[in-house]
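Below: the structure, in structure tokens.
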Amino acid sequence: MESTSSSVGNSGMTIIGYSYGENSIPYKIQLPGKNITLKQLKSCLIKKGNFKYFFKHACNDFGTGVVFEEISDDNEVLPLWEGKVLCIIEPMDEKHRK
1 MESTSSSVGN SGMTIIGYSY GENSIPYKIQ LPGKNITLKQ LKSCLIKKGN FKYFFKHACN
61 DFGTGVVFEE ISDDNEVLPL WEGKVLCIIE PMDEKHRK
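Using UniProt numbering, you'd call the opening residue of the sequence shown number 1 and step up by one each time.
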């Protein structure tokens, strides 16, 4: 597998890592462009349903330098973490949790 230092290179693609729950191994996809919206991400997901989407990004509000922020607006541009989109997807209702 080829290693790159930037997720948006000459190909103009953005690397997206996402997982269902905090403990699962992430999936990796690539989408064209830099300004990826939640709607674009949702269209590529293997599971369909009602989920909450949390994205990793830089934030010093809590002294940690990083947070996972929930995004629910389909038109919102997703934040980048070290040049990539990193997302944890959680079920909306408790009955779907393991």
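We put the beta carbon where it would ideally sit given N, CA and C, even for glycine. Quick caveat, the model's predicted, so the values are computed rather than measured.
For the pair of segments examined, the segment 70-89 was found to touch the segment 28-36: the number of CB pairs separated by less than 8 Å reaches three. Taking a contact as a CB-CB distance under 8 Å, the pair Phe51 and Ile89 counts as one, their CB atoms being some 5 Å apart. Cα atoms of Asn23 and Ser11: separation of roughly 31 Å, rounded to the nearest angstrom. Residue burial annotation: Lys56 is buried, with at least 16 other C-beta atoms found within 10 angstroms of its C-beta. Ranked by how close their Cα comes to the Cα of Met13, the residues Glu69, Leu86, Ile29 have Ile29 in first place. Exclusion of the five residues before and after Ser19 leaves Ile25, Pro26, Tyr27, Cys87, Ile88, Ile89 as the residues of its chain whose Cβ lies within less than 8 Å of its Cβ. Separation of the CB atoms of Leu45 and Ile71 is rounded to 14 Å, and the pair is thereby denied contact status at 8 Å.
In the DSSP secondary-structure assignment, Glu76 is not bridged to any residue. When only Cα atoms are considered, Glu69 and Asn60 end up about 13 Å apart.
According to DSSP, residue pairing for Gly49 in a beta bridge does not occur.
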